[in-house]
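A.B. asks:
Numbering (this note's numbering), first residue to last: 1 to 104.
1. Go through its chain and collect everything with a Cβ distance to residue 113's Cβ below 8 Å, but skip five positions before and after it.
2. So, are the CB atoms of residue 76 and residue 37 less than 7 Å apart?
3. Thinking C-alpha only, which one of 29, 68 and 41 is nearest residue 80?
4. Can you give me the C-alpha to C-alpha distance between residue 57 and residue 26, rounded to a whole angstrom?
5. Over the uninterrupted beta strand (DSSP E) stretch that includes residue 83, give me the two end residues.
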């Protein structure tokens with residue numbers, strides 16, 4: 001599945017529309033994992049021993065199955081290792097700050 005570069009809701013909705021994906025499709029499940037990997041990468045890391053892996057990523061093994069999970073994980077990890085995280089790019093009205101993924 002080719003979902004690299006989909007980093008916001010508008011792009012995701014366009015992706016779903018263009019590819020006619022329903023809620024339970026395999027492609028959507030893969031995209032959901034890739035999207036979570038981007039979030040974890042931006043806010044603490046995707047290492048297999050990290051809290052983020054245990055809390056947010058590990059549950060996707062049951063959804064995708066062990067083999068497909070690791071294929072998607074490795075593919076996205078390779079992509080993310082070529083990216084940079086820029087911290088504190090935005091602050092909302094409540095004082096929460098946000099990071100951004102910079103694709104090189």
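All C-beta atoms, glycine included, are put in the ideal place defined by N, C-alpha and C.
C.D. replies: To lay it out plainly:
1. Nothing about residue 113 can be reported from this structure: the residues present for the chain run from 1 to 104 only.
2. yes
3. 41
4. Approximately 17 Å between the Cα atoms of the pair.
5. 83-91
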